[in-house]
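*Asks:*
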Ligand code: C2E
Ligand code: MG
Ligand code: MG
Ligand code: MG
């Protein structure tokens, strides 16, 4: 009996593995097509300034409008894209799309807001990235201070010196830099020391149990105070409840991002939100 079960679960395992492998192969093929036929879209998640209650900026989040599977999040395909060598092309597309959209919002008469773009740590230190950012800013005419690069701690930057050179060049242009998922990664403090950082984004894993876990609360309090000692701003990610918001406001956190304030929105919905805010400013 036990033996039969063991064999069965082994068979399940193999079937599962085979399915997974062929799924990955299929996605890899489809990703090339996706780039050609414009199946990627950016959604924008607003960040709220806790002092003013207003939209402080947005983060661009990649989505794949898959012809059969529907709207996919980066977790469904980004690693496969990177492994398939498509990461650079996707970075190009995201950066260009985000800067173009930010210009479109302004041309539509909306308030200028900063747009955050996630860049892969693998390429952040390359000359190609530097050229790409410079070219896109030039082509779109976006004010460089409205572009914020987000560097995640989840993957390692392998050449710190090269990355620092590129990021310092970007800073000279006025481009801003945020450390994403702060506190969870490989080198939190080393990044802060090596790079021209403008903002820390506290990882959502510290926010989730903020109200009940005294360790998380202590970590969050100390990240906020570190940011302020360094004269940079701090954003809490993954804020889902008013209790979390109130707690963070009490700790002096500058901004929040999360489902409580808004989910990531397609560009039209974001523009509608900006328009409502603009209208309420004029009335108030
Ligand atoms: P991230 O940069 O830390 O982005 C925040 C993630 O948290 C997003 O997931 C967002 O939808 C999600 N989120 C926002 N508010 C809440 C909340 O209140 N609760 C919860 N549970 N989640 C929330 P998403 O869009 O699935 O992106 C996942 C990750 O994929 C991002 O994490 C980022 O590291 C990466 N990513 C997204 N877009 C791009 C891109 O264009 N290029 C690259 N290289 N990476 C990207
Ligand atoms: Mg991010
Ligand atoms: Mg994050
Ligand atoms: Mg993340």
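Residue numbers (full-length UniProt numbering): 443 to 726.
Beta carbons: idealized from backbone N, C-alpha and C, even for Gly.
1) Tell whether a beta-carbon distance below 8 Å holds between residue 552 and residue 668.
2) Considering residue 512, what are the terminal residues of the beta strand (DSSP E) in which it resides?
3) Start and end of the beta strand (DSSP E) containing residue 618?
4) Expressed to the nearest angstrom, what Euclidean distance is found between the alpha-carbon atoms of residue 618 and residue 510?
5) My output table needs one value for residue 488: the three-state DSSP class, helix, strand or coil.
6) Helix, strand or coil for residue 698 per DSSP?
7) Let me make sure I understand the geometry here. Which of 491, 542 and 712 has the alpha-carbon closest to that of residue 580?
8) In whole angstroms, what is the alpha-carbon distance linking residue 532 and residue 477?
9) Would you call residue 641 buried or exposed, if buried means 16 or more other Cβ atoms sit within 10 Å of its Cβ?
10) Would you list, in sequence order, the uninterrupted beta strand (DSSP E) runs of no fewer than 3 residues that lie entirely inside the region 619-692?
11) By alpha-carbon positions, which one of 620, 563 and 557 ends up nearest to residue 487?
12) With ligand 5 as the reference, list in chain order each residue whose Cβ lies under 7 Å from any of its heavy atoms.
13) Within 10 Å of its beta-carbon, does residue 423 have 16 or more other beta-carbons around it, so buried, or fewer, so exposed?
14) As a quick exercise: from 665, 584, 681 and 680, pick the residue whose alpha carbon is nearest that of residue 674.
15) Going by other Cβ atoms of all chains shown within 10 Å of its Cβ, with 16 needed for buried, is residue 601 buried or exposed?
16) Quick test of your reading: residue 574 and residue 534, contact by CB under 8 Å. State the CB separation rounded to the nearest angstrom.
17) Within the same chain, show all residues whose beta-carbon is closer than 7 Å to that of residue 659, passing over the 5 residues directly before and after it, in chain order.
18) Per the DSSP calculation, residue 499 is bridged to which residue(s)?
19) Does residue 625 come within less than 8 Å of chain B when only Cβ atoms are used?
20) Which whole-angstrom value is the C-beta distance of residue 594 and residue 632, which I expect to be below 8 Å?
21) DSSP three-state call for residue 482: helix, strand or coil?
22) Looking only at its chain, what residues have a beta carbon closer than 7 Å to the beta carbon of residue 680, apart from the 5 residues adjacent to it on each side?
23) In three-state terms, what does DSSP make of residue 596?
24) Please classify residue 590: is it buried, with 16 or more other beta-carbons within 10 angstroms of its beta-carbon, or exposed?
25) By alpha-carbon positions, which one of 582, 605 and 583 ends up nearest to residue 398?
26) Out of 480, 460, 716 and 607, which one is the CA nearest neighbour of residue 638?
27) In chain order, what residues of the same chain have a beta carbon less than 7 Å from the beta carbon of residue 539, not counting five sequence neighbours either side?
*Replies:* Taking the structure as given:
1) Within the chain shown, residue 552 is the residue found at index 110, counting from 1. Within the chain shown, residue 668 is the residue found at index 226, counting from 1. Contact flag unset, no.
2) For the purposes of this step, residue 512 is taken as residue 70 along the chain shown, with counting starting at 1. Taken as a continuous stretch (DSSP letters only), the beta strand (DSSP E) holding residue 512 covers 512-514.
3) By 1-based counting over the chain shown, the position of residue 618 is 176. 618-624 is the extent of the beta strand (DSSP E) around residue 618.
4) Here residue 618 refers to the residue found at position 176 when the chain shown is read from its first residue. Here residue 510 refers to the residue found at position 68 when the chain shown is read from its first residue. About 37 Å.
5) Along the chain shown, one-based indexing puts residue 488 at 46. Strand.
6) For the purposes of this step, residue 698 is taken as the residue at position 256 of the chain shown. DSSP places residue 698 in strand when its eight states are reduced to three.
7) Taking the chain shown and counting its residues from 1, one reaches residue 580 at position 138. If we check each option's Cα against that of residue 580, 542 comes out closest.
8) Along the chain shown, one-based indexing puts residue 532 at 90. Along the chain shown, one-based indexing puts residue 477 at 35. Computed Cα separation, rounded: 8 Å.
9) Your numbering for residue 641 matches position 199 in the chain shown. Buried, since its Cβ has 16 or more Cβ neighbours within 10 Å.
10) 641-644 and 675-678
11) To locate residue 487, count along the chain shown from 1; it is residue 45. Relative to the Cα of residue 487, the nearest Cα in the group 620, 563 and 557 belongs to 557.
12) Only ligand 1, ligand 2, ligand 3 and ligand 4 can be found as ligands here, which leaves ligand 5 out of the picture.
13) Because the chain is modelled from 443 through 726, residue 423 falls outside the range shown and cannot be assessed.
14) Residue 674 sits at position 232 when you count from the first residue of the chain shown. Ranking the options by Cα distance to residue 674, first place goes to 665.
15) One-based indexing of the chain shown puts residue 601 at position 159. So residue 601 counts as exposed.
16) Walking along the chain shown from the start, residue 574 turns up at place 132. Walking along the chain shown from the start, residue 534 turns up at place 92. The Cβ separation is near 6 Å, so the contact holds.
17) By 1-based counting over the chain shown, the position of residue 659 is 217. Exclusion of the five residues before and after residue 659 leaves 652 as the residues of its chain whose Cβ lies within less than 7 Å of its Cβ.
18) Mapped onto the chain shown, residue 499 falls at position 57. Bridge partners of residue 499: 489 and 556.
19) Looking at the structure shown, chain B is missing, and only one protein chain is on hand.
20) The residue you call residue 594 lines up with position 152 of the chain shown. The residue you call residue 632 lines up with position 190 of the chain shown. Incorrect: roughly 14 Å between the Cβ atoms, too far for contact.
21) Sequence index remark: in the chain shown, residue 482 carries index 40 (1-based). The three-state secondary structure of residue 482, taken from DSSP, is strand.
22) Translated into positions along the chain shown, residue 680 becomes position 238. Contacts found: 646, 649, 650 and 700.
23) Working through the chain shown from its first residue, we reach residue 596 at position 154. Here residue 596 sits in coil by DSSP.
24) Counted from its first residue, the chain shown places residue 590 at position 148. Buried.
25) One cannot answer for residue 398 here, as it falls past the ends of the chain, which runs 443 to 726.
26) Against the chain shown, residue 638 aligns to sequence position 196. Of the listed residues, the one whose Cα sits closest to residue 638 is 607.
27) The sequence position of residue 539 within the chain shown is 97, counting from 1. Within the same chain, residue 539 has close Cβ partners 484.
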